[in-house]
Amino acid sequence: MIKKLSIYTLLSGLLCFGCTKVDNILYSTIDSDKFIPTKDDVNSLVGPAYATLRDLEMGWDAMYDLEEICADELVIPARPNGWVDGGVYKTMHLHTFNSLQPHIETVWADCYTGITNCNRVLFQIESGKIPVTDGKDAILAELRALRALYYYELCDNFGNVPLVTSYEVKVGELPKQNTRKEVYDFISSELHSTMPLLSPVVDKSTYGKMNRYAAWTLLAKLYLNAEVYTGTPQWDSCRIACDSVINSNKYILEANQEDVFKTDNENSQEIIFAIPFDEKYATGFNLVEKTLQPISQHTYNLQASPWGGICAIPQFINTFDSNDNRLKTNWIQGPQYDANSGQQLGCEYPPLSTAGHKLEFINSLPGIDSSQEIDGFRLGKYEFRMNALFDLSNDCPFFRYADVLMMKAEALLRTGQADDAAAIVTQVRQRSFKANPIKATVTGAALIAGSGYKYGVAVNDKIAAPEGGADIKYGRFLDELGWEFAMEGRRRTDMIRFGVFTKKSWLSHRPNGDFRTLFPIPQDELDKNNNLKQNPGY
């Protein structure tokens, strides 16, 4: 049936002929002139524009690593079983990355792949090559809002990038580079103009799609970082965008934070915009493989052996209150056991493979250049389902309600309304301090204070020249963001906004230039397009 064909087939627009008979019928493609979609075909029609998000966010060398392992929460140190890989993870940690960094190349390419897919479907619908009449304006608005999301990631990571909004390109015509301010203005304009046309419905029909509230959340994020992107803060605009989501009464905080990240999380009322994954049909979410040790396969009866890489930086873990439930539920720590025998697992690699040595994840890490199996708490925010295949089926909560609340709180804090901000932060904290509810309460005075992070280069967990975090303006709020949103692919952006990313040291990292707040444009792109100019410092 036509409706069951791949979206890539539907959009090919190819007219296929046999070699000897003009009436040959090939069912692998569809002539776009003969394809008249119904409302049931809409998901397939726009599918490719969304599909790229899986690779962009959680794929190999993708944005998750780019945003997290160059920041102060997570690291991929050299392991007994590998993870040196020519130093690509070390360069991210040390901020010595350049225009050949594979993560940077991947994020650039994935963003423009998503943009091209949006532009293609927009062109096919607007030109009438795919004749859509039922809900045409809403579909076009949705694609434009999704394209704005891809441009947001480019604006955040690279700054000055080409704005390509047409699928039809003249032969030999190369895209011209736009300023970061121009990209920012384009995103804002697109979201404002499409907002009235986007669906206000929140149900299965809009799950994983850019509905009105996903667009408001994206707009809030744009305004939250406006001072970084343009030099002019937009705190009131950020708050108004957040209120548009909050006042809709469509979303809630889940009673338990871990419910937002469990395997079957598609019914969470906290998720505003999700990237759907499935271990068989929508693959690519291999976080379990990237963080657990190989022998941890027996803890979860995994169908594939993990690789043992990414873990927490001990200095970050040390900022948690010991009564914060997020410390317990988000991080895999302590003795690890065999799910079948109940016996504690042993270590596999020397020099810790001596008789009787057991696998027990500890909050300790020598540095970026060496580590043992037991070193570093592992990433456990996303539920690792028993008997899972190579990939996870958890959907990725790209935007969630807690984020909207905390954006509003930050906007209030930065405009002199610290006590109102503290009331919101307290609301978010309450579910993580059920056993000690008094500790959930935070005051405006506390949020204005500095960070509890003990910054400084740490060798074998000892900080030779402590830098502390008391000098960070609103540092306590930055800590709150870390505790709530750890492992969600956003720490770099938050650190830049608080002026920390290029100023502080952590683990083996030392500051290496303020220009590092932008990534370099990939060398391959510069070689292909002489209209592009490299970002300063590279």
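Under the working numbering, think of the first position of the sequence shown as 759, with each following residue one higher. The beta carbon of each residue, even a glycine, is placed where N, CA and C say it ideally should be.
Looking at residue j and residue i, is the spacing between their C-beta atoms short of 9 Å?
i	j	result
Lys1139	Phe1019	yes
Ile1279	Trp841	no
Thr1180	Val1200	According to the sequence displayed, residue 1180 carries Ala and not Thr. Result yes, Cβ atoms of Ala1180 and Val1200 sit closer than 9 Å.
Ala1097	Met1165	no
Leu1171	Phe1235	yes
Ala1070	Phe1157	no
Leu803	Tyr870	no
Arg905	Ala809	no
Ala1160	Phe1243	yes
Gly1104	Lys1116	yes
Leu949	Ala903	yes
Asn1289	Pro1155	no
Gly917	Tyr987	yes
Glu826	Arg1084	no
Leu955	Ala899	yes
Tyr822	Gly1233	no
Glu1131	Pro838	yes
Met968	Leu907	yes
Gly1202	Ala1176	yes
Asn1059	Gln1091	no
Ile1182	Ala1167	yes
Just mark residue i as buried or exposed, buried being the case when its beta carbon has 16 or more other beta carbons within 10 Å.
i	result
Met1245	buried
Leu1239	buried
Ser786	With a pLDDT of 47 at Ser786, under the threshold of 50, the predicted position of this residue should be treated as unreliable, and no value is reported.
Asp1282	exposed
Ser1128	exposed
Trp1264	buried
Glu1037	buried
Lys979	buried
Lys962	exposed
Ile945	buried
Ile783	Because Ile783 sits at a pLDDT of 44, beneath the cut-off of 50, its placement in the model cannot be relied upon, and the following sentence gives the value as read from the coordinates. Per the 10 Å Cβ criterion, exposed.
Leu824	buried
Gly844	exposed
Pro1093	exposed
Phe1277	buried
Asn1014	exposed
Arg1187	buried
Thr1057	buried
Leu1137	buried
Since I believe residue j is in contact with residue i (beta carbons under 8 Å), could you give me their beta-carbon distance rounded to a whole number of angstroms?
i	j	result
Ala1298	Phe1148	The structure shown does not extend to residue 1298, since the chain is modelled only from 759 through 1296, so no value can be given for it.
Leu835	Ile1126	Checking the sequence, you will find Pro at residue 835 rather than Leu. Their Cβ separation, rounded to whole angstroms, is 5 Å, which keeps Pro835 and Ile1126 in contact under 8 Å.
Ala1193	Asn1081	7 Å
Ser995	Glu1012	Ser995 to Glu1012, Cβ: 28 Å. No contact.
Ala1169	Arg812	Not quite, the Cβ-Cβ distance comes to about 31 Å (not below 8 Å), so this is no contact.
Leu814	Gly872	7 Å
Tyr1211	Asn856	Not confirmed; about 28 Å, so no contact.
Phe1043	Leu901	Not a contact, Cβ separation roughly 24 Å.
Tyr1298	Leu880	Outside the modelled stretch of the chain, which goes from 759 to 1296, sits residue 1298, for which no answer is possible.
Asp819	Thr891	With 8 Å as the limit, Asp819 and Thr891 do not qualify as a contact, their Cβ atoms being about 42 Å apart.
Asn1152	Phe1035	6 Å
Asp914	Thr1251	6 Å
Grab the span of the alpha helix (DSSP H) containing residue i for me, first residue to last.
i	result
Val1217	It is not in any alpha helix (DSSP H) - Val1217 instead sits in the beta strand (DSSP E) that spans Gly1214 to Val1217.
Pro1072	Pro1072 to Ile1075
Phe881	Pro860 to Glu884
Arg997	Trp993 to Ile1004
Cys913	Lys894 to Asn915
Phe1142	Unbroken run through Phe1142: none, as it is neither H nor E.
Glu831	Counting along the chain, Glu831 falls outside any alpha helix (DSSP H), and DSSP gives it neither H nor E.
His1115	Where His1115 is concerned, there is no enclosing alpha helix (DSSP H), given that its DSSP letter is neither H nor E.
Lys1197	Element bounds for Lys1197: n/a, residue is neither H nor E.
Ala1204	Gly1202 to Ile1206
Arg1187	Ala1176 to Arg1187
Asp823	Met821 to Glu826
Gln1281	Gln1281 to Lys1286
Asn936	Run containing Asn936: none; DSSP gives neither H nor E here.
For the beta strand (DSSP E) holding residue i, just list the boundary residues, first then last.
i	result
Ala1032	Ile1029 to Ile1033
Arg1158	Cys1154 to Arg1158
Could you tell me whether the Cβ of residue i comes closer than 9 Å to any Cβ of chain C?
i	result
Lys962	The structure shown has no chain C; it contains just one protein chain.
For the ligand ADP, I want to know if residue i counts as a neighbour, meaning its beta carbon is within less than 8 Å of at least one of the ligand's heavy atoms.
i	result
Ser995	Among the ligands in the structure shown, none appear at all, so the ligand ADP cannot be discussed.
For the structure I just gave you, are there three or more beta carbon pairs, one from the segment 965-982 and one from the segment 1025-1033, closer than 8 Å? Note that the segment 965-982 touches the segment 1025-1033; at least 3 beta-carbon pairs, one per stretch, sit closer than 8 Å.
Could you check whether the segment 1065-1085 touches the segment 1039-1049, counting it as contact only if at least three pairs of C-beta atoms, one from each stretch, sit closer than 8 Å? Segments in contact, yes.
Three or more C-beta pairs closer than 8 Å, one from the segment 822-831 and one from the segment 1070-1085: is that the case here? Contact between the segment 822-831 and the segment 1070-1085 is present: three or more C-beta pairs spanning the two stretches fall below 8 Å.
Contact between the segment 876-887 and the segment 940-952: three or more CB pairs below 8 Å? Contact fails: fewer than three Cβ-Cβ distances are below 8 Å.
Just checking, does the segment 844-852 make contact with the segment 1250-1269 on the three C-beta pairs under 8 Å criterion? Because the criterion of three Cβ pairs below 8 Å is met, the segment 844-852 and the segment 1250-1269 touch.
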